[in-house]
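Residue numbers (my numbering): 106 to 505.
Cβ coordinates follow ideal geometry from the N, Cα and C atoms, glycine included.
Here is the structure we will look at, set down as structure tokens.
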């Protein structure tokens with residue numbers, strides 16, 4: 106058993122390693138290598154500063170021999186409360202980052218007139234920047250190691266369980282299930298060092314992919330790129346896995362169910378959209394990458410969806426947005442503050458790799474064969490670990 110940055114890794118058959126080298130830490134322009142990570146770190150340190158210092162002060166005072174036992178207990182409680190408040194604030198900041206970044210851009214554009222030309226040029230750059238689609242992106246270790254991830258890990262106490270070791274010399278296509286309302290667990294696995302697969306298997310490079318619309322949100326797009334995420338369109342996926350990057354052994358982590366599955370992310374349910382999702386299998390065959398199912402227990406418990414059964418207003422609204430924009434806006438709520446996630450332990454189980462024989466032009470029969478093996482392995486994985494990590498969840502269902 107191994108802990109790192111608040112997260113935990115367990116191996117069914119052997120212990121994991123740490124200290125993966127990041128081959129992308131020294132790439133791209135001076136702005137992205139210095140300014141962008143510094144801005145992220147500065148904003149987070151500003152959020153942390155007061156509460157963190159006050160928590161440390163009260164904690165040290167509580168241990169002083171010059172105060173009574175009652176006062177010592179009091180200040181220990183105050184210290185714990187402040188630390189808990191800081192952690193919750195950091196998690197809320199993380200959860201609301203897309204909205205905050207969009208509002209920050211609009212605010213600066215409207216009220217800071219001296220920045221309008223720069224912000225306008227930056228917006229044009231956002232739409233023409235090829236990095237989200239080139240298979241390499243713009244990844245920085247400093248962003249993947251930001252202090253905010255320590256708070257996120259302390260909040261959710263995430264755990265990564267491997268059924269068997271992964272071979273860093275190979276490339277893999279990891280299918281992540283379920284999508285959940287947002288897909289937070291996949292971000293932690295592929296975009297941070299606290300729970301990242303790469304830190305347990307040095308030499309393995311895993312690139313998460315997300316919707317192209319994420320790279321249209323000013324500021325947020327750069328944060329997502331710095332975490333190592335790329336677009337989930339077919340061209341981007343093929344560039345991630347293609348031969349010219351094979352020396353980097355890039356693997357892919359994709360949330361297979363997508364926006365359609367997010368509408369099914371009700372607590373204690375495991376309804377997956379997988380039967381008709383075969384594109385990721387086809388790309389794995391073309392690249393000769395082993396398929397690996399990953400199930401994220403309690404992902405659906407982070408937020409609570411409003412009742413959105415067929416025919417309800419919520420479902421009609423979600424489908425209308427999806428038909429127009431290709432993604433959906435879900436009607437959901439969190440804890441206390443609207444976007445603050447519910448606190449639940451997140452456990453991701455990485456299944457056994459399914460060996461794939463490479464075929465540059467796979468037939469439908471080949472795709473169906475490996476897809477059926479994948480569905481079978483995912484079902485086995487869920488049945489084996491459900492009682493241990495999510496005993497109240499229903500049996501897995503493949504609804505589409």
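Take every Cβ of the region 259–278, pair it with every Cβ of the region 389–398, and state whether three or more of those distances are shorter than 8 Å. The region 259–278 vs the region 389–398: in contact.
Throw me the rounded Cβ distance for the residue 242 and residue 249 pair, which I believe falls under 8 Å. Not really, about 12 Å apart at Cβ, beyond 8 Å.
Specify the secondary structure class of residue 126 as computed by DSSP and reduced to three states. Summary for residue 126: the model assigns pLDDT 40, below 50, so the residue's position carries little reliability; its value from the coordinates is reported in the next sentence. It is coil, neither helix nor strand.
The region 311–326 in contact with the region 465–475 per 3-pair CB rule at 8 Å: Counting Cβ pairs under 8 Å, fewer than three are found: no touch.
First and last residue of the alpha helix (DSSP H) that includes residue 203? If you look at residue 203, you'll find it in the alpha helix (DSSP H) that goes 202–216.
In terms of residues, what are the limits of the beta strand (DSSP E) holding residue 313? Residue 313: member of the beta strand (DSSP E) spanning 310–315, first to last residue.
I'd like the span of the alpha helix (DSSP H) that includes residue 386, first residue to last. From DSSP, the alpha helix (DSSP H) with residue 386 extends over 384–392.
On the three-state DSSP scale, how would you describe residue 256? Correct three-state label for residue 256: helix.
Please say whether residue 447 and residue 407 have beta carbons closer to each other than 9 Å? Going by C-beta atoms, residue 407 is nearer than 9 Å to residue 447.
What is the C-beta distance between residue 377 and residue 283, in whole angstroms, given that I count them as a contact (C-beta under 8 Å)? Right, the Cβ-Cβ distance comes to about 6 Å (below 8 Å), so this counts as a contact.
So, at 6 Å on beta carbons, what are the nonlocal neighbours of residue 298 in its own chain, with the 5 sequence-adjacent residues on each side left out? In the same chain as residue 298, and ignoring 5 residues on each side of it, the C-beta atoms closer than 6 Å to its own belong to 249, 250 and 304, in chain order.
C-alpha distance - residue 269 paired with residue 418, whole-angstrom precision: About 45 Å.
For residue 234, does the three-state DSSP call read helix, strand or coil? Three-state result, residue 234: coil.
Grab me the residues of residue 365's own chain with a C-beta within less than 6 Å of its C-beta, minus the 5 sequence neighbours each way, in chain order. The answer, listed in chain order, is 378.
If you follow the alpha helix (DSSP H) that residue 494 is in, where does it begin and where does it stop? Counting along the chain, the alpha helix (DSSP H) containing residue 494 begins and ends at 469–494.
Tell me, to the nearest whole angstrom, how far the beta carbon of residue 202 is from that of residue 325; I am working on the premise that it is less than 8 Å. Right, the Cβ-Cβ distance comes to about 6 Å (below 8 Å), so this counts as a contact.
What distance in whole Å lies between the Cβ atoms of residue 487 and residue 400, which are believed to be in contact at a cut-off of 8 Å? Confirmed, about 5 Å.
Other residues of its chain near residue 387: CB distance less than 8 Å, five sequence neighbours each side excluded: Cβ neighbours of residue 387 beyond the five flanking positions: 467 and 472.
Going by DSSP, name the residue or residues bridged to residue 400. Under DSSP, residue 400 shares a beta bridge with 282 and 454.
For the pair the region 203–217 and the region 449–458, tell me if three or more CB-CB distances fall below 8 Å. The region 203–217 makes no contact with the region 449–458: fewer than 3 CB pairs, one atom from each, lie closer than 8 Å.
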